[in-house]
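Single-structure report; data block below.
There are 2 protein chains.
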Amino acid sequence: MSSRLALAELPQLERRTLADTAYEALADLLASGRLTPGDRLSLRQSAAALGVSVMPVREAVSRLVADGVLEVAPTRAIRVPVMTARDFRALAETRMAIEGIAAARTAEHRSEAELTAIRRAEAAFRAEAESAEPDCTRAVRLNRDLHFAIYAACGLTPLQEVIARLWLKAGPVINLDLRAHPERLLQGFALRRHAETLVAIEARDGPAAAAALAADIREAADFILSRGGLRDA
Amino acid sequence: MSSRLALAELPQLERRTLADTAYEALADLLASGRLTPGDRLSLRQSAAALGVSVMPVREAVSRLVADGVLEVAPTRAIRVPVMTARDFRALAETRMAIEGIAAARTAEHRSEAELTAIRRAEAAFRAEAESAEPDCTRAVRLNRDLHFAIYAACGLTPLQEVIARLWLKAGPVINLDLRAHPERLLQGFALRRHAETLVAIEARDGPAAAAALAADIREAADFILSRGGLRDA
DNA sequence: TCACCCGAACTGTGATCACAGATCACTAGC
DNA sequence: GCTAGTGATCTGTGATCACAGTTCGGGTGA
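Those protein sequences? They're chains A and B, same order as listed. Reminder that position 106 of the first sequence reads as 106 in this note's numbering, one-by-one numbering, no gaps. Reminder that position 228 of the second sequence reads as 1228 in this note's numbering, one-by-one numbering, no gaps.
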């Protein structure tokens, strides 16, 4: 047929189910901290809010439960898990190890284009953090963008997916803390570690990139733990 | 009440839904290689086989899809993903990195009881592999037991969960290969690496444990890739 | 004033039905 | 003989209903 070539250029249009949409909506609620540890979630209420039946929400929730981002209590209530300080520490250590690996690989494998993207993301976060009136919500998103710009260049898709799930799990705690204590952002804690990481990636120094990024995670976690907002183990 | 203490000793009995059971049944099918890459899965047929309605199966499948262990094709067909050689290599490299970390942490933190458990698991696998007529299915299970005995001692629950998901994802490919080429087991490839890992853990040598375990994963992956059973990227 | 109990309203879980789209065997037309 | 089309049957997706267990508020008892 004459249209063979033209048809070949058509992008595969993705199939989005209502469950996918519901998943993203809930994940966003969690990642942005509007759903905080201990909060309960009702299938029917969520469904009503999203304007669909319970079915898609049910599927979305079951995925989030499988990820450990939500949990069903023995009483069958769905809620955001309340992490103990011990749990949070373990999660942070896991993130330091795994995200450190990704940063190291990025430092060793990154292309120039990827380096440019990382530089741009770092600059965007810095601009927000150093601005006269930083917007916390925006800063959190830019911080996430920077981290994932780094992980995207590591060359290992499964590793990225693992990290994305860990972030989803840590999201509620981190954002809850940030909303309660936005001053940390102003002190530019993360800025130095980000700069160190960027320098290491530029220099193709894997171990240094891993160390700097792990330090970033550790300091953020230490800060949150020092606030004492988490339940003891 | 007088029975307060006695009641406190009761273990919380877990609530098992049909969806949980269906999930385990399907996961077992995948991990044991009875469901191989490319196979299609029907909700209704699976439900009939399990003697339940489609609902629990649906939920189980949606979890497995979220884990990347199953996928829904754009035609809405559910199937076991067919990995390209490139995908499998990326998965293996991710596993080498992450499971290496776990092994290193185990070497540095393990208790004597955990070391004993690991020794026992290693001996069990060795006994099966060196027996006159090794049973492949059994050997695969013992190999898994050994690896997870190591990971269980790493002290980081989130890390263990991450690894479990990676194994589920790699399961179909590995088991498919093993069923097609059981001779690798007989040659005792893995035995040396297991022994090296055990020695390193005994000596509390983290880097050595990570290297030995990563080598175990790499050699298994290389063997499978050399068979050419996987589609090119 | 406090503890208890009962019932209404809610919870997640599972089954069933409805529907649009995909498959596949088969046939009509060239 | 081979292709295009057609209809029965299957697919996953979503909505709805049924049910048992939980939660919570209001009343009754002491």
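Glycine residues also receive a C-beta, built at the ideal position from the N, C-alpha and C atoms. Just so you know, these numbers come straight off a predicted model, no measurement behind them.
Beta-ladder partner(s) of residue i, from DSSP
i: Thr1084/B; result: Arg1231/B
Cutoff 8 Å: residue i Cβ touching any chain B Cβ
i: Thr94/A; result: yes
i: Arg204/A; result: no
i: Gly171/A; result: no
i: Val59/A; result: Per the sequence shown, the amino acid found at residue 59/A is Glu instead of Val. Chain B, which has a Cβ nearer than 8 Å to the Cβ of Glu59/A, makes this yes.
i: Val54/A; result: no
i: Ala90/A; result: yes
i: Leu5/A; result: Residue confidence is low: Leu5/A scores 48 on pLDDT, short of 50, so the model does not pin down where it sits. No coordinate-derived value is stated.
i: Arg63/A; result: yes
i: Leu35/A; result: no
i: Leu198/A; result: no
i: Leu159/A; result: yes
Same chain, Cβ closer than 8 Å to residue i, neighbours up to 5 away in sequence not counted
i: Val52/A; result: Leu18 and Ala22
i: Lys169/A; result: Asp67, Gly68, Val69 and Leu91
i: Glu219/A; result: Phe189, Ala190 and Arg193
i: Arg227/A; result: Asp177, Ala180 and His181
i: Leu29/A; result: Leu35
i: Gly229/A; result: Leu176, Asp177 and Ala180
i: Ala1073/B; result: Arg1079
i: Ser1042/B; result: Ile1078
Below-8 Å beta-carbon distance, residue i vs any chain A residue
i: Leu1029/B; result: no
i: Ser1111/B; result: no
i: Leu1156/B; result: yes
i: Asp1067/B; result: yes
i: Val1162/B; result: yes
i: Pro1074/B; result: yes
i: Ala1097/B; result: yes
i: Ile1101/B; result: yes
i: Ile1224/B; result: no
i: Leu1166/B; result: yes
i: Arg1016/B; result: no
Cutoff 6 Å; reference residue i; Cβ partners in own chain excluding five residues on either side
i: Glu122/A; result: Leu146, His194 and Leu198
i: Ser1046/B; result: Val1057
i: Met1001/B; result: For Met1001/B, the predicted model reports a pLDDT of 42, less than 50, meaning its position is unreliable; a value from the coordinates is still stated below. So the list is empty, once near-sequence residues are dropped.
i: Gly206/A; result: Ala104, Ala107 and Glu108
i: Cys154/A; result: Ala102, Arg105 and Thr106
i: Ala1077/B; result: Arg1040
i: Arg120/A; result: none
Sequence-distant residues of the same chain with beta carbon closer than 7 Å to residue i, five excluded per side
i: Arg126/A; result: Leu191
i: Pro1037/B; result: Val1080, Pro1081, Val1082, Met1083, Pro1172, Val1173 and Leu1176
i: Arg1138/B; result: Glu1128
i: Ala50/A; result: It is worth fixing the name first, because residue 50/A is Leu in this sequence and not Ala. Around Leu50/A: Ala22, Ala25 and Val57.
i: Ala241/A; result: This structure cannot settle anything about residue 241/A, because the visible part of chain A is limited to 1 through 233.
Point to revise | Inter-stretch contact (C-beta, 8 Å, three-pair minimum) for the segment 1032–1045 of chain B and the segment 1167–1179 of chain B | key: Enough Cβ pairs lie closer than 8 Å, so yes.
Check your understanding: Using 8 Å as the Cβ pair cut-off and three pairs as the minimum, do the segment 53–69 of chain A and the segment 1049–1065 of chain B touch?
Key -> Yes: the two stretches touch, three or more of their Cβ pairs being nearer than 8 Å.
Point to revise | Complete beta strand (DSSP E) runs within the segment 23–80 of chain A (minimum length 3 residues, chain order) | key: Those beta strand (DSSP E) runs which fall completely within the segment 23–80 of chain A and span 3+ residues do not exist here.
Check your understanding: Does the segment 92–112 of chain A come close enough to the segment 146–162 of chain A that 3 or more CB-CB pairs lie under 8 Å?
Key -> In short, these stretches touch, since the Cβ pair count reaches three.
Check your understanding: Hey, is the segment 1110–1129 of chain B in contact with the segment 1211–1223 of chain B, meaning 3+ C-beta pairs nearer than 8 Å?
Key -> Here the segment 1110–1129 of chain B does not lie against the segment 1211–1223 of chain B, with fewer than 3 beta-carbon pairs under 8 Å apart.
Practice item. Decide if the segment 84–102 of chain A is in contact with the segment 127–146 of chain A; the criterion is three or more beta carbon pairs, one per stretch, under 8 Å apart. Key: Two segments are said to touch when three or more pairs of C-beta atoms, one from each, lie closer than 8 Å; by this definition the segment 84–102 of chain A does not touch the segment 127–146 of chain A.
Check your understanding: What residue ranges within the segment 1170–1209 of chain B form continuous alpha helix (DSSP H) runs of no fewer than 4 residues, ordered along the chain?
Key -> The DSSP assignment places complete alpha helix (DSSP H) segments of no fewer than 4 residues inside the segment 1170–1209 of chain B at 1183–1186 and 1189–1202, in order along the chain.
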